[in-house]
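This report concerns only the one structure given below.
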Amino acid sequence: MSANPDGILRLPQVEQLLQKPIFAPYIRQLSRPLVTNAIRRTLADIRQQSSFRERGITIDALYSQLNDACEYLINQRHSRVINATGTVVHTNLGRSPIDPALWDSVAAVNTGYCNLEIKLSDGKRGQRKGILSQLLSSLTGAEDGLVVNNNAASVYLLLNELARGKEVIVSRGEQIQIGGGFRIPDILALSGARLVEVGTTNITTADDYINAITENTAMVLMVHCSNFVVRGFTESADIRDVARRLPKHVILAVDQGSGLSSEKFAAHETPSDSYIRAGADLVCFSGDKILGGPQAGIICGRRELIQKLEKNPLMRAFRPGRIIYSLLEELLVRKLNRAPEGMGIAETTVTHSEALERRANEVAGALGDKVRLVPSQMVVGGGTLPDEYFPSWSLELQIEKQAEQVLADLRAMSLPVIGVIRNDKVQLNMAAVLPHELSALIEQLRSYFGL
Ligand SMILES: *Cc1c(COP(=O)(O)O)cnc(C)c1O
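Below you can see the structure in the form of structure tokens.
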């Protein structure tokens, strides 16, 4: 057992280390308690290492491990990344970015006080949703609307209020799971409603729904199959037909999912206003996916039902704060006016393919033979438009290195870049790279390639 000539056998005290200037930026970004804990954990780990017990540790190695521990935490802070995956609404990358103009326009209302629940006309208690219900009516053609924190909450709320202790009929083809842990049968059970399954995985007819109705039936729930398609011998019930034949005591609710409304790029998808016109009593959807606002759950439909939902005690738990209300309000005003900032990222990206091609050419031009410009595809993603592909352009990086390692290098950049692997090569799909990210992307890649 020989001591490492440079090694120290007694580790410094945590307090001593915290005084060192190299920890100051970490404390600024992570807070003192988190850095203290990271140092404490790292020192404890080092004490366990047999190499330390035998030979000690060099100061360099000590600081390198402490650095790694802090960097590991810094990487977990929410920070901006460049989405070069070709999935425009990417659940793991925050779904829909909010248009900077929308964000700026709600800064004042959110950084000061606001008339969230007071009527400026007479100073009396007002409604939190303000003109949102009218905006939602104009968007969907429904009588009224309400907003909750996310669409999972919409589904839970409408089941809990309108079908608790009763039966809800759902097609076997729509017993779906959306993202992590949101399963229709489980949500139904939690809400206190009883699931009645009808039809088969591929075929459900209007008769299937109608024949399953009893006096205990509260609702027929139709759920958009957001993230998969069933192809081949398939049939789903015509909602008009179901709506027409439903007895008065049964509510027809549709979980539309994406919030597609007036956007014109998704021809095969049913927008929320079509469901209302077809006779749905309620339709719910997310506020961000295709609608393009903040994540929220929106329920539109018959006023009498919306008012019931609003009186449910859960509404107190599910209602959003003013950040969401103000952003949605701003978005919808612009969307109804067909202003560009009201389009949402999905529509903007899919319908501006010349701009995308220009961006791809600009980046490719700046990187010479280090990249190859290849035609590719984008998807909207985020549990919308499954199986619909739109044309895109990708940069294939020309580099002799393991693709996984290149992806890791890209993630380690100061503005991290999230790429994809195609045919063992790293590609940067330009679809969802935002215009104001181009120069940073070019600069980082030039430096990566040593240009
Ligand atoms: C995305 C989605 C949900 C969940 O919406 P969140 O806003 O993520 O809670 C529910 N139902 C359908 C059909 C969806 O597509």
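With positions in the sequence shown counted from 1, the corresponding number in my numbering is that position plus 59. In this text, a Cβ means the ideal position worked out from N, Cα and C, and glycines have one as well.
Query, Result
"Delimiting residues of the alpha helix (DSSP H) encompassing A277", "Unbroken run through A277 is the beta strand (DSSP E), T276 to V282; no alpha helix (DSSP H)."
"Host alpha helix (DSSP H) of Q75 (start-end)", "V73 to Q78"
"Where the alpha helix (DSSP H) containing A166 begins and where it ends", "A166 to T170"
"Collapsed DSSP secondary structure at P92 in the structure displayed", "helix"
"Near ligand 1: I458 beta-carbon under 7 angstroms from a heavy atom", "no"
"beta-carbon A423 near ligand 1 non-hydrogen atom, thresh 7 angstroms", "no"
"Min CB distance G240 to chain C below 8 angstroms", "Of the protein chains in this structure there is only one, and it is not chain C."
"Supposed close pair A277, R304 - CB separation, criterion 8 angstroms", "So it is not a contact: roughly 17 angstroms between Cβ atoms."
"Heavy atom of ligand 1 within 7 angstroms of I237 beta-carbon", "yes"
"Through-space distance from S473 to Y507, alpha-carbon basis", "11 angstroms"
"Outcome for I382 when other beta-carbon atoms lying within 10 angstroms are tallied against a minimum of 16", "exposed"
"Three-state secondary structure assigned by DSSP to S451", "strand"
"Outcome for Q107 when other beta-carbon atoms lying within 10 angstroms are tallied against a minimum of 16", "exposed"
"Selected residue, minimal CA-CA separation from W162, among S90, Y131, G185 and G403", "G403"
"Three-state class that DSSP yields for A248 in the structure shown", "helix"
"Three-way DSSP call (helix, strand, coil) for I272 in this model", "coil"
"A325 in three-state terms, based on DSSP", "coil"
"Pairwise C-alpha distance: G200 and T146", "30 angstroms"
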